[in-house]
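What follows is a single structure, written as structure tokens, with notes after it.
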Amino acid sequence: MALSKRGSRPIVVDGNRYRWLVRRKPTYSQGLTWSPLSFAVERADMPGCATLVVQVASPRPDNWMNAAAFPVLPSMVATAVRQALERGWQSDRPGSLFTLDLGNEGRF
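Under this note's numbering, think of the first position of the sequence shown as 3, with each following residue one higher.
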């Protein structure tokens, strides 16, 4: 799965270039705060390699229930990339999605 360049944001983590993306609109489940906020990350210079999907404990800021939430910041993305690499995500190799669930680990 490759990320769309449209709407994605670049970031450099430990010398490697990545792109990250938060879905433009919430899914029905995210809008009702049944599912948490998530974002995707991939290597910018190696399209087609394994994509990282990060789930955090917070609902989306644009949820329909006006629940308290926080936005995804570049510092949060960088921290998530480092944690995923420590947990075995191979960002430079083709493969299936790698999911990093940070729901129980609190805020960044």
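For glycine and all other residues, C-beta sits at the position ideal for the given N, C-alpha and C. What you are looking at is a predicted structure, and each value in this text was computed from that prediction instead of being measured.
Which one of the options has the shortest CA to CA distance from residue i?
i: S6; options: A42, S37 and P73; result: A42
i: G9; options: D16, W22 and N18; result: W22
i: R19; options: M67, Q32 and P49; result: P49
i: L104; options: R25, S60 and G33; result: S60
i: T35; options: A71, V55 and C51; result: A71
Are the CB atoms of residue i and residue j nearer to each other than 9 Å?
i: Q57; j: P73; result: no
i: P28; j: R62; result: yes
i: E44; j: A86; result: no
i: R26; j: Q32; result: no
Could you spell out the range, first to last residue, of the beta strand (DSSP E) harbouring residue i?
i: Q92; result: Segment: none, Q92 is in no beta strand (DSSP E) and carries neither H nor E.
i: S40; result: S40 to R45
i: N18; result: N18 to V24
i: R100; result: The question names Arg, but residue 100 is Phe in the sequence shown. Where F100 is concerned, the enclosing beta strand (DSSP E) stretches over F100 to L104.
Measuring only the C-alpha atoms, how far is residue i from residue j?
i: A80; j: V15; result: 6 Å
i: G97; j: A82; result: 19 Å
i: R95; j: E88; result: 15 Å
i: N65; j: F100; result: 25 Å
i: A46; j: G17; result: 12 Å
Along the chain, where does the alpha helix (DSSP H) containing residue i start, and where does it finish?
i: C31; result: The identity of residue 31 in the sequence shown is Ser, whereas the question assumes Cys. Residues Y30 to G33.
Given that a residue counts as buried once 16 or more other Cβ atoms are within 10 Å of its Cβ, and exposed if not, what is residue i?
i: T53; result: buried
i: Y30; result: exposed
i: L75; result: exposed
i: V69; result: Here residue 69 turns out to be Ala, not Val, going by the sequence shown. That one is exposed.
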